[in-house]
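> One structure is given below, represented as structure tokens, and several questions about it will come after.
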Amino acid sequence: MRSRYTAYVLGDVDHVFRSWHPATRPDDLRALPARDWRGLEIVEVLDGEPSDEHGVVEFRAHHAAGTQHERSRFTRRAGRWVYLDGNSAD
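According to the working numbering, the stretch in the sequence shown is residues 87 to 176, in order.
This is the structure we're talking about:
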């Protein structure tokens with residue numbers, strides 16, 4: 087989760103692409119919205135331990151125009167955590 091936030095801050099589209107499950111990621115991520123990111127607040131983590139295959143992270147990503155509040159699902163793929171999908175938590 088934190089590495090994906092950092093990738094968004096730095097505009098590292100390759101990392102965002104590689105850390106997104108192929109079943110749910112868009113074909114082209116070059117059009118990701120640019121934001122002036124200000125900080126990441128982890129609200130809750132469910133599962134996601136080394137022995138788990140799935141996990142949920144609720145977070146608030148603060149940017150100049152507001153806050154993105156989301157509950158994201160992650161799953162393991164080839165031993166690495168990847169983003170599956172998320173829903174607004176507002």
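We treat Cβ as the ideally placed atom computed from N, Cα and C, and that holds for glycine.
None of these values were measured; they are calculated from a predicted model.
(1) Look up L115 in the DSSP assignment and say whether it is helix, strand or coil.
(2) DSSP state of A147, grouped into three classes?
(3) Using the beta-carbon count (16 or more within 10 Å), is V129 buried or exposed?
(4) S174 and H155 - do their beta-carbons sit closer together than 8 Å?
(5) Give the straight-line distance between the Cα atoms of T110 and D171, rounded to the nearest whole angstrom.
(6) Are the beta-carbon atoms belonging to R88 and L115 less than 8 Å from one another?
(7) Label S105 either buried or exposed according to how many other C-beta atoms from any shown protein chain fall within 10 Å of its C-beta, with 16 as the threshold for buried.
(8) Give me the DSSP bridge partner(s) of F103.
Walking through what the data contain:
(1) It is coil, neither helix nor strand.
(2) DSSP places A147 in strand when its eight states are reduced to three.
(3) exposed
(4) Their beta carbons are under 8 Å apart, which means H155 touches S174 by this criterion.
(5) 7 Å
(6) Contact flag unset, no.
(7) That one is buried.
(8) In DSSP, F103 forms no bridge with anything.
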